[in-house]
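Report on one structure; see the data block that follows.
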Amino acid sequence: MKKLLITSLRLIFTAVMVAWIISEVDLHSVGGVLVQANPAWLVLGAAVNLISVVLAAWRWQRILAGMGVAKRLIQVLRLVLVGAFFNMFLPSSVGGDVMKMVLIAPDVSRREVAVSSVLMDRVIGLAVTIGVGLAAVLLLPSVWGEPAVIVTLALAVAVFCVGMITIFNRRLIELLGSVVPRYIWSRVGPLILRVHESLMVIGGSPRILRETAGISVLRQIAICLSVYCAGLGFGLGISPLAYFATVPIAVAITALPVAINGLGLQDNALIFLLATVGLSAPQALSLSIFLHVLRNGLGLLGGLVFALTRRQPVP
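Positions 0 to 314 (numbering that gives the first Met the number 0) are the ones given, in order, by the sequence shown.
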């Protein structure tokens, strides 16, 4: 019953976000931007986005290696693609993360390693995403006078910091466990504590942290360049730095598990943020549609990979 209620709320939230866009944005103008697009730039943007997917797999592979799990890059890439497939039907990227935990579990000796590796992958990715957005904003004076952007960044940093303090502080975890009903904590508490210990293994490995942070920076560059290529394809004349200041923040917001596959949430985030660098709502929505097409195309590829390889090992 609880799961049904949560899913219903997410569907309602998604519907409200989409309805707002339909009512407030001139869809005819959006169609005009899309029709006049240069396909070559869009193809290049899609190719660059594929590089970001490979980088995501590489980052997770390095985290697994730091936890003593040896996997080939092609094997990890398969799991990332399958996760993208399940993201098409589940809220934000959280559903795909759960599926990655489930799929990697048979290959690890302890269940908490499956959970903590995906969780650490998400933590490092979000940390660098927010960091890239902050750095770009500092270099882009045109958005310094936009209180909404500053507040959004501050909230993202605050939520991230609270999350980090919670999952990396054993005393705080135990304190939270003391206020949770005993019958619930007795079932999930031991796993949560083991996940915490597993996270601390990577947290105490500067080399792995440096490697994965570096890979994450490269991934953010690839994502922003992909959107920049789409912007050139749509004839949008803003600087690459503007994308680095806005797209990472929108990506971080889209990761919130409140909308189905980020639908509506991503669109509104990009419309709001890209307005600060001079793009109209139809132009920003065109870029968001491009990202939706990439995400769903990747999901369909992941579904095909899942169907073809689910009964056989990946070489």
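Even glycine gets a Cβ: it sits at the ideal position worked out from N, Cα and C.
- Separation of N86 and S177 (C-alpha to C-alpha, rounded to the nearest whole angstrom) is 34 Å.
- Spanning the alpha carbons of L133 and L139 requires a straight line of approximately 10 Å.
- Inclusion of V79 and S285 in the CB contact set at 9 Å is not warranted, their separation being larger than that value.
- Proximity of the stretch 31 to 51 to the stretch 223 to 241 meets the contact definition, three or more beta-carbon pairs being nearer than 8 Å.
- Contact check for S116 against R218 fails: the beta carbons are separated by 9 Å or more.
- Counting C-beta pairs with one atom in each stretch, the stretch 281 to 300 and the stretch 162 to 177 have fewer than three that are closer than 8 Å, which means they do not touch.
- CA-CA distance, V200 to I62, rounds to 10 Å.
- DSSP places M199 in the uninterrupted alpha helix (DSSP H) bounded by 181 to 202.
- Around the Cβ of R181, a 10 Å sphere holds fewer than 16 other Cβ atoms; the residue is exposed.
- L272 is a Cβ neighbour of I248, given a cutoff of 9 Å.
- A direct Cα-Cα distance of roughly 13 Å separates T275 from L240.
- About 7 Å separates the beta carbon of N267 from that of I20, a gap short enough to meet the 8 Å contact definition.
- For F233, the three-state secondary structure derived from DSSP is coil.
- In this structure G213 is exposed. Its beta-carbon is surrounded by fewer than 16 other beta-carbon atoms within 10 angstroms.
- Straight through space, the alpha carbons of A46 and G30 are spaced by roughly 23 Å.
- For S28, the enclosing alpha helix (DSSP H) has its first and last residue at 26 to 34.
- Just so you know, the alpha carbons of L118 and R110 end up roughly 13 Å apart.
- Taking the Cα of V122 as reference, the smallest distance to any Cα among L307, I73, G298, L208 is reached at L208.
- Judged by their CB atoms, L293 and G44 are nearer to each other than the 9 Å cut-off.
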